[in-house]
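Remarks on the structure that follows.
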DNA sequence: TTCCGTGCAAATGATTTGCAGGACT
DNA sequence: AGTCCTGCAAATCATTTGCACGGAA
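Residue numbers (the working numbering), protein chains in the order written: chain A, 12 to 165; chain B, 12 to 165.
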């Protein structure tokens with residue numbers, strides 16, 4: 012989980028990034044970046060838009076998308092393809108490596124990590140003379156809540 | 012890889028499925044289903060549409076989408092969320108399960124399978140009350156060939 | 001005066017839905 | 001008559017782009 016301190020540090024880095032790129036540290040960008048960088052979980056552009064609106068009703072959806080693009084370029088936020096119909100984002104700093112389970116029914120995302128799997132995939136790669144740079148391991152299915160709902164219906 | 016025999020068997024099963032549902036075994040459906048069920052790899056609706064068009068120029072894009080939905084309902088074709096902007100499909104029967112290593116340098120794709128990883132991910136899912144429907148495990152990095160080329164250059 | 005930042009409206013692209021003409025029962 | 005099938009056009013929905021105004025250097 013991202014602490015306020017982490018978010019503050021990330022904000023500084025974002026400001027520096029904008030400066031390096033000759034871009035401005037504006038009100039809307041500050042609002043949007045703060046919310047994105049202090050998110051404690053994955054979020055969608057729509058969610059970030061709603062949070063930003065609550066702080067400043069004049070902020071447009073497009074500015075959210077554009078600021079999100081800048082946050083991704085700066086390396087402070089990662090763009091993830093969890094589901095087909097919308098992008099997900101997550102702040103990068105301070106978060107340990109993890110994989111994802113995605114509920115195909117309610118779209119809920121559960122994080123997991125298993126050192127043994129990480130170790131085994133390194134071994135498999137080595138057997139093929141393959142050197143891993145990064146990897147994706149996603150499990151799609153039904154979360155406990157939706158699984159119970161389905162069982163009840165059946 | 013799907014053999015012609017596999018495709019033929021799957022076609023029979025699809026015809027039976029339609030019959031059970033009180034639906035018809037029409038020309039467009041026959042064309043589209045044959046192409047989908049004999050695909051040797053993942054494909055998109057657009058690709059299936061193009062293949063179908065080559066066989067019968069009168070087939071509409073919508074019919075491809077609708078037939079694909081029937082194929083998925085019948086359980087003969089799986090719908091996959093590999094990327095965000097379009098759905099992927101693959102015939103279910105005949106192909107053994109496998110994962111992919113993708114060489115970021117030469118784009119070569121190496122298939123692999125590791126039963127121990129499969130088993131561990133089931134255990135992890137169970138710990139979270141999660142029921143896996145399908146999963147993606149992709150390793151990105153350098154294949155043996157490109158790794159050697161890089162070592163030589165370094 | 002020349003960028004940059006912004007919101008609005010319109011474009012995009014894959015997919016879905018409304019609708020009307022045909023076909024088969 | 002009453003379904004089902006189909007293609008076309010239009011609707012959808014998240015995201016992107018065109019445009020014009022306003023502001024800062």
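The beta carbon of each residue, even a glycine, is placed where N, CA and C say it ideally should be.
Host beta strand (DSSP E) of residue i (start-end)
i              : result
residue 25(B)  : Where residue 25(B) is concerned, there is no enclosing beta strand (DSSP E), although the alpha helix (DSSP H) it sits in stretches over 15-31.
residue 88(B)  : 88-91
residue 137(A) : It is not in any beta strand (DSSP E) - residue 137(A) instead sits in the alpha helix (DSSP H) that spans 126-138.
residue 54(A)  : Counting along the chain, residue 54(A) falls outside any beta strand (DSSP E), and DSSP gives it neither H nor E.
Residue i, DSSP secondary structure in three states
i              : result
residue 38(B)  : helix
residue 149(B) : strand
residue 144(B) : strand
residue 114(B) : strand
residue 43(B)  : helix
residue 12(A)  : In this predicted model, residue 12(A) has a pLDDT of only 47, less than 50, meaning its place in the structure is not dependable; the value taken from the coordinates is given anyway. Of the three classes helix, strand and coil, the one that applies to residue 12(A) here is coil, per DSSP.
Contacts that residue i makes with chain A (C-beta to C-beta distance below 8 angstroms)
i              : result
residue 57(B)  : Chain A residues near residue 57(B): none, gap ~14 angstroms exceeds 8 angstroms.
residue 115(B) : 144
Residue range of the unbroken alpha helix (DSSP H) whose run includes residue i
i              : result
residue 106(A) : Premise fails: residue 106(A) is in no alpha helix (DSSP H) and is neither H nor E.
residue 73(A)  : 72-84
residue 165(B) : Where residue 165(B) is concerned, there is no enclosing alpha helix (DSSP H), given that its DSSP letter is neither H nor E.
Residues that residue i contacts on chain B, provided the C-beta gap is smaller than 9 angstroms
i              : result
residue 154(A) : 139, 140, 141, 142
residue 158(A) : 140, 141, 142
residue 22(A)  : None at all; the shortest Cβ gap to chain B is about 28 angstroms.
residue 147(A) : 147, 148, 149, 150, 151
Under 7 angstroms from the C-beta of residue i: neighbouring residues of chain A
i              : result
residue 132(B) : 128, 150
residue 95(B)  : 92, 95, 98
residue 135(B) : 123, 125
Residue i: contacting residues in chain A (beta-carbon distance under 9 angstroms)
i              : result
residue 53(B)  : What residue 53(B) touches in chain A: nothing, since even the nearest Cβ is about 14 angstroms away.
residue 103(B) : Within 9 angstroms Cβ-Cβ: nothing; residue 103(B) doesn't reach chain A, min ~15 angstroms.
Cβ separation of residue i and residue j, assumed to be a contact under 8 angstroms, to the nearest whole Å
i              : j              : result
residue 63(B)  : residue 43(B)  : 5 angstroms
residue 150(B) : residue 141(A) : 7 angstroms
residue 91(A)  : residue 53(A)  : 7 angstroms
residue 48(B)  : residue 22(B)  : 6 angstroms
residue 89(B)  : residue 100(B) : 7 angstroms
residue 98(B)  : residue 24(A)  : No, residue 98(B) and residue 24(A) are not in contact; Cβ-Cβ is about 37 angstroms, not under 8 angstroms.
residue 39(A)  : residue 17(A)  : Going by Cβ atoms, the distance from residue 39(A) to residue 17(A) rounds to 22 angstroms, so no, they are not a contact pair.
residue 50(B)  : residue 102(B) : 6 angstroms
residue 155(B) : residue 109(A) : About 29 angstroms; that fails the 8 angstroms criterion.
Distance cut-off 7 angstroms: residue i Cβ against heavy atoms of the ligand SAM
i              : result
residue 140(B) : This structure simply doesn't include the ligand SAM, nor any ligand for that matter.
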